[in-house]
C-alpha cells in the first residue's frame with residue numbers, strides 16, 4: 001500500500017486521470033521514487049531513477065489500484081524496480097515482480113513485461129503471493145487472483161541461483177502465465193540458474209531458460 005505522506009515519495013500521482021511524466025531523473029528517494037495510485041490513463045516514459053541497493057522499499061515505480069498505465073524506456077537502478085517494456089534493470093533486489101498480501105482480495109490480471117534487460121538482479125522474475133515483510137504473518141486462505149501475465153523477451157543475469165520464482169496462492173493459484181523468449185543466466189560463471197513454481201499454470205514458447213516446469217509448451 002502507498003504511504004500517502006508525500007514526504008516519503010519523490011513523486012506521487014494519486015486520483016489522477018490522463019497524466020504524462022516524461023524525461024525526469026530521481027535519486028535516493030526516502031521511499032518510493034514514483035508512486036501511482038487510484039489513477040487512470042498514466043504514461044511514464046524516459047525516467048532515470050537511482051538509489052543504493054541497501055536502501056529498502058525504494059521502489060522505482062510503484063503502481064497500485066490503477067488502470068491503463070504505460071511504463072516504457074526507463075532506466076531504474078534501485079533496491080526494487082518494475083518495468084513494463086523496453087527497459088533496463090541493473091543490480092536491483094527485484095526485476096519484474098508481482099507481489100500480493102495473503103488474505104487480500106481482488107484481481108491482478110492482463111499484465112505484461114516485454115523486452116526487459118537484466119544485469120545481476122537478485123530476483124529477476126518473481127510472483128510472490130505469500131508476501132510478508134516482517135515475518136510471522138498468519139496463513140490466509142483468500143488471495144488476489146493473478147491471471148493473464150506475460151513475460152516476453154526478458155533476458156540477462158541473476159545475482160542468485162534462483163532466477164525465476166512463481167509462488168502462487170494455494171487457494172487461487174496463478175493462471176494463464178506465459179513465458180516466451182526468456183533467457184536468464186547465473187551471473188557467476190559456471191553456476192546454473194534455477195526456477196521454482198508453486199500452483200502456477202500456463203505455457204511457454206520459444207526458448208525459456210532456466211526451464212519452468214509448471215508451464216507447458
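In UniProt numbering, the protein residues as written are 1 to 217.
Backbone N, C-alpha and C fix where the C-beta goes; we use that ideal spot for every residue, glycine too.
Query: Starting from the C-beta of residue 207, find all residues in its chain whose C-beta is less than 8 Å away, skip the five residues before and the five after it, and write them out in chain order.; Result: 181, 182 and 183
Query: Should residue 94 be labelled buried (16 or more other beta-carbon atoms within 10 Å of its own) or exposed?; Result: buried
Query: Once the 5 residues before and after residue 202 are set aside, which same chain residues still bring their CB inside 6 Å of it?; Result: 176, 177, 178 and 215
Query: Helix, strand or coil for residue 99? Go by DSSP, reduced to three states.; Result: strand
Query: Helix, strand or coil for residue 175, going by three-state DSSP, please let me know.; Result: strand
Query: In this structure, does DSSP put residue 20 in helix, strand or coil?; Result: strand
Query: In terms of residue numbering, what span does the beta strand (DSSP E) encompassing residue 110 cover?; Result: 107-121
Query: Where does the unbroken beta strand (DSSP E) through residue 14 begin, and where does it stop?; Result: 11-14
Query: Quick check on this structure: which residue in 60, 14, 52 and 38 has the alpha carbon closest to the alpha carbon of residue 24?; Result: 60
Query: On the criterion of 16 or more Cβ atoms from any shown chain inside 10 Å, does residue 172 qualify as buried, or is it exposed?; Result: buried
Query: Taking C-beta to C-beta, are residue 154 and residue 108 nearer than 9 Å?; Result: no
Query: When the Cα of residue 198 is compared with those of 186, 174, 187 and 18, which residue comes out closest?; Result: 174
Query: Runs of 3 residues minimum, wholly inside the segment 44-69: which ones carry the beta strand (DSSP E) assignment?; Result: 48-50 and 61-64
Query: If I follow the unbroken beta strand (DSSP E) through residue 201, where does it start and stop?; Result: 200-209
Query: List the endpoints of the continuous beta strand (DSSP E) containing residue 156.; Result: 145-158
Query: Quick check: residue 12 and residue 36, are their CB atoms within less than 9 Å of each other?; Result: yes
Query: Quick check on residue 182: does DSSP put it in helix, strand or coil?; Result: strand
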